[in-house]
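Enquirer:
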Amino acid sequence: MSLFAAGRRTFVIGLTAFLVFASPAWAGRDGPSREARAAAAQTQEGNLASEEAESGSPTVLQRLHDRIEKGMPKVLKQRAFFMENWKWAGVLLLIFVACIVDRLFRAVAGRVARRAANSQRIHLDSDVLLSFERPMGLLGAVLAFELLVPALGLSEPVLRIFLLATSFVATVAGVWAAYSLVDVICDYLAEKASRTANRFDNMLVPLARRTFKLFVLVVGIVFVASRLSDDLWGIVAGLGLGSIAVGFAARDSMENLFGTFTVLLDKPFQIGDWILVGDMEGTVEVVGFRSTRIRTFYNSLITVPNRTFISSNVDNMGERHYRRIKTLLSLTYDTPPEKIEALCEGVRQLIRSHPYTRKDYYHVYLNGLGASSLDVLLYCFLQAPDWGTELREKHRLFADILRLAERLEVSFAFPTQTLHVAKPEDLVHENPPESDSAGAHKGRKIADEIVEKTLKPFGGVGEKPPPVTIQPGPIGGDGGEG
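201 is the number of the first residue of the sequence shown in this note's numbering; add one for each residue after it.
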């Protein structure tokens with residue numbers, strides 16, 4: 201169905217339905233008899249003439265009505281229901297004109313919105329634009345109908361029915377257009393916010409969309425109700441008292457609203473952040489008036505009331521400057537110390553060379569003698585913007601460590617248990633110490649030789665090696681355990 205046909209169908213159905221239901225109500229309300237309607241029709245020309253005399257000159261609509269009525273054949277001047285036939289034909293003609301205006305208003309509204317968006321190089325969704333064009337077209341059609349219907353010279357009761365119907369439909373169309381305009385403006389702002397580095401805008405735009413939509417709905421209900429009742433302030437007062445009653449009844453909703461303000465003011469997280477709240481973990485998708493939606497890592501959606509963020513600790517993993525790597529490189533016990541030193545220094549060089557690793561804080565040392573392995577501690581950080589980059593760079597670093605170990609002929613251990621069956625000759629030690637004191641002396645002598653060799657680069661025995669210092673990288677700071 202084309203836009204023209206849809207607009208025509210919407211306007212005709214709405215106006216016809218209102219006339220069908222409003223006419224009997226109006227008739228029952230005013231109660232004009234058939235004789236009164238006939239008298240009104242006979243005095244219509246007199247009324248127009250008297251109005252013309254009072255104003256001093258005929259209006260455009262009056263002259264148009266007189267010209268149309270004089271040129272009408274008698275068959276069209278016959279009455280059907282409560283109007284002449286030519287006036288019924290005029291109503292149908294006005295509906296056709298209104299449909300043409302509907303089409304024009306849609307085209308103009310869509311073109312203006314697209315030009316405004318294209319001037320900022322922003323793409324607006326076609327469904328959003330269509331939802332804005334429809335009420336604008338309906339509003340233009342109703343205004344055109346309301347402007348031209350007095351030219352038919354309808355009797356006062358009938359004219360009031362038509363004007364009441366068009367006024368009501370125009371009010372509804374205006375509220376609908378304003379409601380759709382909020383989507384157009386917010387989509388425009390969301391597109392601009394997505395181009396900035398500040399993610400707070402991405403959280404503020406959806407909240408502003410809901411706020412303005414709620415405001416438009418409340419104001420629209422008041423205006424629509426004012427078309428049905430003259431006591432506008434009574435309606436406003438009634439809504440105010442009702443909202444106060446609902447406010448007292450909805451204590452949780454008020455707490456959630458304060459929670460929303462807390463999120464906006466304190467900014468504990470933003471859209472897209474990975475957060476942990478209690479036993480909930482996931483990525484923030486939407487922040488609303490009442491709740492916040494979190495997408496878990498198994499793709500379910502958790503709706504968290506905003507009052508939770510007032511009393512709960514929020515661990516924002518998305519605000520980390522670095523992603524920590526802490527693991528053990530388990531080597532077999534037959535690995536000589538020289539190869540352990542070579543492996544540790546090689547891993548340090550890999551950390552210094554990789555593009556995403558933190559260069560000012562890292563540790564790679566033999567850190568434990570396990571049950572089945574020599575454990576080398578690898579402790580470093582990745583400066584990755586997201587989890588996907590963290591996984592990729594961790595994979596790259598670990599793969600390079602495996603290549604380094606292969607080149608150095610270092611084997612990684614895995615948990616094993618070896619059962620040794622001792623033979624009698626294995627229980628005899630060659631050259632055992634003569635006594636406990638002799639054994640202790642031998643141990644101290646060998647230890648002194650080892651320490652003298654290992655401390656020789658630092659000045660020999662008696663000299664304390666300086667603290668560990670790492671060449672500062674682009675970003676300083678203490679690594680700690682975080």
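We treat Cβ as the ideally placed atom computed from N, Cα and C, and that holds for glycine.
Just so it is clear, the structure is predicted and the values come from calculations on it, not from any experiment.
Unbroken alpha helix (DSSP H) runs of length 4 or more, entirely within the region 355-432: which are they?
Expert: 356-393 and 400-428, all fully within the region 355-432.
Enquirer: Does the Cβ-Cβ distance between LEU531 and ALA638 come in under 7 Å?
Expert: Numbered from 1 along the sequence shown, position 331 holds the residue referred to as residue 531. Numbered from 1 along the sequence shown, position 438 holds the residue referred to as residue 638. No, the Cβ-Cβ distance between LEU531 and ALA638 is not below 7 Å.
Enquirer: Quick one: which unbroken beta strand (DSSP E) runs of 3-plus residues sit fully inside the region 488-556? Chain order, please.
Expert: Runs of the beta strand (DSSP E) inside the region 488-556: 491-495, 501-505, 514-516 and 523-531.
Enquirer: Classify GLN583 as buried or exposed, calling it buried when 16 or more other Cβ atoms lie within 10 Å of its own Cβ.
Expert: For the purposes of this step, residue 583 is identified with residue 383 of the sequence shown, where counting begins at 1. With 16 or more Cβ atoms within 10 Å of its Cβ, GLN583 is classed as buried.
Enquirer: Compare the beta carbon distance of LEU543 and VAL610 with 7 Å and say whether it is the shorter of the two.
Expert: Within the sequence shown, numbered from 1, the residue matching residue 543 stands at position 343. Within the sequence shown, numbered from 1, the residue matching residue 610 stands at position 410. Yes, Cβ-Cβ distance for LEU543 and VAL610 is below 7 Å.
Enquirer: Using CA coordinates, which residue listed in VAL576, PHE345 and LEU597 is at the minimum distance from GLY290?
Expert: Numbered from its first residue, the sequence shown carries residue 290 at position 90. The residue with the shortest Cα to Cα distance from GLY290 is PHE345.
Enquirer: Can you tell me whether PRO665 is buried or exposed, with buried defined as 16 or more other CB within 10 angstroms of its CB?
Expert: Within the sequence shown, numbered from 1, the residue matching residue 665 stands at position 465. That one is exposed.
Enquirer: Does the region 345-362 come close enough to the region 402-418 to have 3 or more Cβ pairs within less than 8 Å?
Expert: Contact between the region 345-362 and the region 402-418 is absent, because fewer than three Cβ pairs lie under 8 Å.
Enquirer: Cα separation between ASP600 and LEU550?
Expert: Working through the sequence shown from its first residue, we reach residue 600 at position 400. Working through the sequence shown from its first residue, we reach residue 550 at position 350. One C-alpha to the other measures close to 8 Å.
Enquirer: When the Cα atoms are used, what is the spatial distance from GLY472 to LEU604?
Expert: By 1-based counting over the sequence shown, the position of residue 472 is 272. By 1-based counting over the sequence shown, the position of residue 604 is 404. Those two C-alpha atoms are separated by around 37 Å.
Enquirer: Starting from GLU485, follow its DSSP beta bridges and name the residues at the other end.
Expert: Numbered from its first residue, the sequence shown carries residue 485 at position 285. Partner(s): none; GLU485 has no beta bridge.
Enquirer: Rounded C-beta distance between ASN506 and THR492? I'm assuming under 8 Å.
Expert: Mapped onto the sequence shown, residue 506 falls at position 306. Mapped onto the sequence shown, residue 492 falls at position 292. Rounded, the Cβ-Cβ distance is 6 Å, consistent with contact.
Enquirer: Should the region 300-308 be called in touch with the region 347-354, which here means at least 3 C-beta pairs below 8 Å?
Expert: These segments do not touch.
Enquirer: Please report the straight-line C-alpha distance between PHE218 and MET480, rounded to a whole angstrom.
Expert: Taking the sequence shown and counting its residues from 1, one reaches residue 218 at position 18. Taking the sequence shown and counting its residues from 1, one reaches residue 480 at position 280. Per-residue confidence for PHE218 stands at a pLDDT of 42, beneath the threshold of 50, marking its modelled position as unreliable; the derived number appears in the next sentence. Cα to Cα, the separation comes out at about 52 Å.
Enquirer: Report, in whole angstroms, the separation of the C-beta atoms of GLY482 and ILE502, which I expect to be a contact under 8 Å.
Expert: Counted from its first residue, the sequence shown places residue 482 at position 282. Counted from its first residue, the sequence shown places residue 502 at position 302. So it is a contact: roughly 6 Å between Cβ atoms.
Enquirer: Grab the span of the beta strand (DSSP E) containing HIS563 for me, first residue to last.
Expert: Position 363 of the sequence shown, counting from 1, holds the residue named residue 563. It spans 563-569 - the beta strand (DSSP E) in which HIS563 sits, taken as one unbroken run.
Enquirer: I believe GLY420 touches VAL375 by the beta-carbon criterion, under 8 Å. Please report the beta-carbon distance rounded to the nearest angstrom.
Expert: Translated into positions along the sequence shown, residue 420 becomes position 220. Translated into positions along the sequence shown, residue 375 becomes position 175. About 3 Å; that satisfies the 8 Å criterion.
Enquirer: How is ASP302 classed by DSSP in three states: helix, strand or coil?
Expert: Counting from 1 along the sequence shown, the entry for residue 302 is found at position 102. Three-state DSSP puts ASP302 in a helix.
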